[in-house]
Amino acid sequence: MITSKTIANGILRAITVIVLTALLLYFLYQIQSILIYLIVALILTLIGNPVLDFFRRRLKFNHVFATIATLFIFAVVIAGFIMMFIPLILSQGQNLSLLNTGTIEKQTLQLVNQISVFLENHHIDSSKILKASDISSKINFNIIPNFLNTILATISSFGMGLASVLFITFFFLKERKSFIAGAKKLIPDGREDQALNSLEKINSLLSRYFLGLLLQLFIVFILYLTVLLIFGVPNAFIIGFLCAVLNIIPYIGPLIASVLAAVLTMLSNLGSDFQTEILPTTIYVLIGFWIVQIIDNNLSQPIIFSKSVSSHPLEIFLIILIAGFLFGILGMIAAVPLYTILKVIGKEFFPENKIILLLTKNI
6 MITSKTIANG ILRAITVIVL TALLLYFLYQ IQSILIYLIV ALILTLIGNP
56 VLDFFRRRLK FNHVFATIAT LFIFAVVIAG FIMMFIPLIL SQGQNLSLLN
106 TGTIEKQTLQ LVNQISVFLE NHHIDSSKIL KASDISSKIN FNIIPNFLNT
156 ILATISSFGM GLASVLFITF FFLKERKSFI AGAKKLIPDG REDQALNSLE
206 KINSLLSRYF LGLLLQLFIV FILYLTVLLI FGVPNAFIIG FLCAVLNIIP
256 YIGPLIASVL AAVLTMLSNL GSDFQTEILP TTIYVLIGFW IVQIIDNNLS
306 QPIIFSKSVS SHPLEIFLII LIAGFLFGIL GMIAAVPLYT ILKVIGKEFF
356 PENKIILLLT KNI
């Protein structure tokens, strides 16, 4: 029989749960930077595990030296990226005081006017497409120095975050067995073997996935770079790298990369004739990028991803699509790793389920 006391206790418990959940979410919000460090360190650990095993088994390093060597490789790669971008940022920072936003505005309006003339020559009413007279009022070109100042201000915080991530990664790699032993103590009796098997398979599959992702990004970067160099686009290395990184976002990322490449190609040719130089070069670059994306979507991406996480390409496509509809871009990025984790857990803990048997037959 439900009494007033039972109802009161139920309400009190519900309020307690809500308050504790709110406090937990607030706490997680306050330490979100640390959580990001932990997630990045965990990803680096998954990528570094095969490298660590290589040093230990093939080169006969002891565990500590193998960990240091793995971390050194990470540091060299990260330093290479920094050396690629920092000089460009610093050179822009040194010229902040000399930056003539009026010139930039004039050149941009000149480009818009050239586009307008091109459209008029092809009997297209440019007034409905471009409103050049309103450009200066809608675009604040003075934000450019402020933007560069913001970039310079973030360098120090980035350095601190990078050091924190590498420090955490070192202990994740070095104390891997200790973490597994600690997790084992938290597992209920009778489930230890299943849980440990799940952890080992998840570690193996995600390590292969992130290594496959790096390989895919490298292939796309080389192809993008080739296209940009063929058509003489300035800063081809940096533009190619940025566009390749955008490929981390499934399906949407390549579209953003194409737009970015087109905009940067047009801006790099400011002052040139639009019809004979800017437009043809931009079209050629876009065609080249689309060919790269066709190669990536139909060859490298399905092969690399399907083999790394033992899933069918159509299965991966549907999972990414569903995650995108439900959780947006972040969902699309996290879809494959999370789906892989769920598949492994499902196979270990619910091996008799027919649907799980069908989905996990290749694991």
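Going left to right, the sequence shown walks through residues 6 to 368 as my numbering numbers them.
By construction, the Cβ of each residue, glycine as well, lies at the ideal position given by its N, Cα and C atoms.
Next on the checklist: Using a 10 Å radius around the Cβ and a threshold of 16 neighbouring Cβ atoms, would you call TYR34 buried or exposed?
Outcome noted: exposed
Item to check | Run of the alpha helix (DSSP H) containing ASN358, from where it starts to where it stops | outcome: Here ASN358 belongs to no alpha helix (DSSP H), and DSSP marks it neither H nor E.
Next on the checklist: Rounded to whole angstroms, what is the Cα-Cα separation between SER263 and PHE330?
Outcome noted: 22 Å
Checklist entry - Run through DSSP, which three-state label would GLY85 get? => result helix
Checklist entry - By the 10 Å Cβ neighbour count, where 16 or more other Cβ atoms means buried, how is MET88 classified, buried or exposed? => result exposed
Checklist entry - What does a CB cutoff of less than 6 Å around LEU228 pick up in its chain, not counting 5 residues either side in sequence? => result VAL297
Item to check | Host alpha helix (DSSP H) of THR21 (start-end) | outcome: 9-35
Item to check | VAL82 to HIS317 span [Cα, whole Å] | outcome: 32 Å
Item to check | Close beta carbons around ASN208, own chain, < 8 Å, minus the five adjacent residues each side | outcome: LEU51 and ASN54
Checklist entry - Taking the alpha-carbon positions, what's the LEU363 to VAL238 distance? => result 49 Å
Next on the checklist: Going by DSSP, what residue range makes up the alpha helix (DSSP H) through ILE224?
Outcome noted: 197-235
Item to check | Contacting residues, own chain, Cβ-Cβ under 6 Å from SER138 (five flanking each side not counted) | outcome: Interpretation of SER138 is limited by its pLDDT of 46, a score under 50 that renders its predicted location unreliable; the figure taken from the coordinates is listed afterwards. Excluding sequence neighbours, SER138 sits near nothing in its chain.
Item to check | Spatial distance of LEU234 from ILE224 (CA atoms) | outcome: 16 Å
Checklist entry - By Cβ distance below 6 Å, which residues in the same chain neighbour LYS65 in space, the five residues on each side in sequence not counted? => result none
Item to check | Alpha-carbon spacing of LEU335 relative to VAL69, whole angstroms | outcome: 35 Å
Next on the checklist: Is the beta carbon of VAL341 closer than 8 Å to that of ILE324?
Outcome noted: yes
Next on the checklist: Considering just the uninterrupted stretch of the alpha helix (DSSP H) at VAL290, what are its terminal residues?
Outcome noted: 284-300
Checklist entry - Where LEU201 and PHE246 are concerned, what is the direct C-alpha to C-alpha distance, given to the nearest angstrom? => result 38 Å
Item to check | VAL264, enclosing alpha helix (DSSP H) - first and last residue | outcome: 257-273
Next on the checklist: In this structure, how does DSSP classify HIS317 when only helix, strand and coil are distinguished?
Outcome noted: coil
Checklist entry - So which of PHE86, LEU40, SER9 and ALA13 has the shortest CA-CA distance to VAL250? => result PHE86
Item to check | Collapsed DSSP secondary structure at LYS179 in the structure displayed | outcome: helix
Next on the checklist: Would LEU269 and ILE244 be called neighbours here (beta carbons separated by less than 8 Å)?
Outcome noted: yes
Next on the checklist: Please return the same chain residues whose Cβ sits closer than 8 Å to the Cβ of LEU40, not counting the five positions on each side in sequence.
Outcome noted: LEU33
Checklist entry - Does the separation of the CB atoms of ILE327 and SER311 fall below 8 Å? => result no
Next on the checklist: Once DSSP output is grouped into helix, strand and coil, what is the label at ASN118?
Outcome noted: helix
Item to check | Whole-angstrom distance between LEU265 and LEU272, CA atom to CA atom | outcome: 11 Å
Checklist entry - Quick one: Cα of GLU357 to Cα of ILE292, how far? => result 49 Å
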